[in-house]
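Okay, structure first, notes after.
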Amino acid sequence: MSNIEQTLSIIKPDAVERNLDIEIKEIFKNNGFLILKEKKIQIEKSEAEKFYKVHEIKPFYKDLCAYLSSGPIVVMVLEKANAVIANRELMGSTDPKDAKEGTIRKKYGISIDKNSVHGSDSLDNAIIEIDFFFKD
Ligand code: UDP
Ligand code: MG
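Residues in the sequence shown are numbered consecutively from 11, following our numbering.
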């Protein structure tokens, strides 16, 4: 059953810094994702705090927000059948050590915090996150 969805993907500072954004975008395209929108930006710490508000109570929240705002990122709207779960599968586990062979985090992730990509974790959050970066 075809169920076309859109999801938000971010290529995080550790990957952009290593000039991996073109390569990672190719992986999305080769896996059948359309990149509907994209922009390379650097966000303020206050914006990162808003974006990651769900993690406010986590011990890693402060470092996470400092990190996401530490350098350029590439933000994209990806489209595919079942895009949310398909993107999560292609990304791999949060900790690159646990990520499966063939996933983006396995290939490029440095550590649990510098794990190269973000992807929305549900359709509801995809809508919220796309709106966060691409509201126009
Ligand atoms: N993170 C971290 N330490 C942890 C868990 C998560 O620094 O112990 C960071 C990591 O960059 C992760 C982000 O916080 O991608 C959001 O965490 P989440 O559990 O939502 O993982 P994700 O959905 O990105 O796989
Ligand atoms: Mg998450």
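The beta carbon of each residue, even a glycine, is placed where N, CA and C say it ideally should be. Since the structure is predicted, the reported quantities are computational estimates derived from the model, not experimental observations.
Distance between Asp-146 and Arg-115 (C-alpha atoms, nearest Å): One alpha carbon belongs to Arg-115, the other to Asp-146, and they sit about 31 angstroms apart.
Candidates Pro-69, Ile-51, Leu-78, Leu-30: closest to Glu-59 by CA position: The residue from Pro-69, Ile-51, Leu-78, Leu-30 with its alpha-carbon nearest to that of Glu-59 is Leu-78.
Option in Leu-18, Asp-31, Asp-24, Ala-91 with minimal Cα separation from Asp-123: For the residues Leu-18, Asp-31, Asp-24, Ala-91, the minimum Cα distance to Asp-123 belongs to Asp-24.
Quick one: what does DSSP say Ser-56 is sitting in, helix, strand or coil? In the structure shown, Ser-56 sits in a helix (DSSP, three-state: H, G or I).
Once DSSP output is grouped into helix, strand and coil, what is the label at Lys-124? The three-state secondary structure of Lys-124, taken from DSSP, is coil.
Which whole-angstrom value is the C-beta distance of Phe-38 and Ile-32, which I expect to be below 8 angstroms? Contact annotation, Phe-38 with Ile-32: C-beta distance approximately 11 angstroms; criterion of less than 8 angstroms not satisfied.
To the nearest angstrom, how far is the alpha carbon of Gln-16 from that of Asn-40? Our two residues, Gln-16 and Asn-40, have alpha carbons roughly 17 angstroms apart in a direct line.
Leu-133 by DSSP, collapsed to three states: which one? Helix, per DSSP.
Environment of Glu-54 [buried if 16+ CB atoms lie within 10 Å]: Exposed, because fewer than 16 other Cβ atoms sit within 10 Å of the Cβ of Glu-54.
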